[in-house]
Structure formats: structure tokens, C-alpha cells
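Step one of this worksheet: look at the structure below.
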Amino acid sequence: IVIPKLGVNIPYAPGEAALDRGAEWRHPSRGNPADGGNFIIAAHRFSIQPTPQGTVEKSPFYRIDQLVVDDKIIVDHRGTRYAYKIDKIFNVKPTQTEIEAASDTAKLTLYSCELGGSEAGRIVIIASPMGKVALGGDSQTTN
């Protein structure tokens, strides 16, 4: 997951243990960049660690609230790079799990806890696919 505006470049994988290395790919059966559906990624907003550098490394979505509509997100998936454009940003309560629902529409759902912690709610980013991007950094997309 690459978020150029925030300087984020982290790996993602299924399973909660992935949160310690970057981001968790939630419910892989509900979507991915190649096949569409709801591609759901969650990462820590703020995770206190023994060192300041450790806290920074384990808090990749700390500045997620600085994203705005039309910002870009890049996802590398099985050797292909995909671009997404943010369509919507909103907050939900911890009990509002509908953000992880299956979808017939291709989309990326990024979310993280509010700074007040998991009980305070979640900030949610919904982004639509723009197409494939050359791995060399070329920003041209294809549909």
C-alpha cells in the first residue's frame, strides 16, 4: 500500500499478525485489485512501542486524517500496480461493520482507529479504481 501524500509504503497480508508488519488485508474473499469487489485494508493509526522510531513504524495510518477526496492510493498486488482515487472519507462507530461488506462494485476500503483508540471509532477511506500503473513509477493508467 503506497499513499504518496503521506509517505506511506507498507506491505499488507491476510491475518491480524500482518498489522505488526504494515496492514491487514481483511476478508480477502470479498475483493482484491485484480478481481474487484471490496478490497479491505486496515492498519494501526497509533501504536505505542518501546522506542519513538518503533511507534512511527507501527503507526502507518497516523496521518490518515490528512487525506482528502481525489488523493491517490497505489496498491501492488501479485506483481501489478493499481491506482485508486479517494471518493469518500467518513467516520464510523466500532460496531459499524458494514464497511467490510461484500460489494459488486470494485473499491478499496482503507480504515483505521480514531486517535482515541478502537473504542472511539474508525476513520474510513473509500477509493475507486483508476486502472493499472506501470511498476516503474509511470503515472499513466490503463483501464
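Heads up, the sequence shown is in the working numbering, so the first residue is 1103 and it goes up one at a time.
Think of the CB as a built atom: it goes at the ideal place given N, C-alpha and C, for glycine as much as any other residue.
In this text, all values refer to a predicted model and were calculated from it rather than measured experimentally.
{"Check": "Helix, strand or coil at Arg1224 according to DSSP, with G and I counted as helix", "Outcome": "strand"}
{"Check": "Contact belief for Pro1196 with Pro1135 at Cβ below 8 Å, rounded distance in angstroms", "Outcome": "27 Å between Cβ atoms; not a contact."}
{"Check": "Ranges of the beta strand (DSSP E) found wholly within the segment 1139-1203, counting only runs of at least 3", "Outcome": "1174-1179 and 1182-1194"}
{"Check": "Gly1109 classed as buried or exposed, judged by whether at least 16 other C-beta atoms fall within 10 angstroms", "Outcome": "exposed"}
{"Check": "Delimiting residues of the beta strand (DSSP E) encompassing Glu1216", "Outcome": "Lys1209 to Glu1216"}
{"Check": "Three CB pairs or more closer than 8 Å across the segment 1151-1163 and the segment 1176-1188", "Outcome": "no"}
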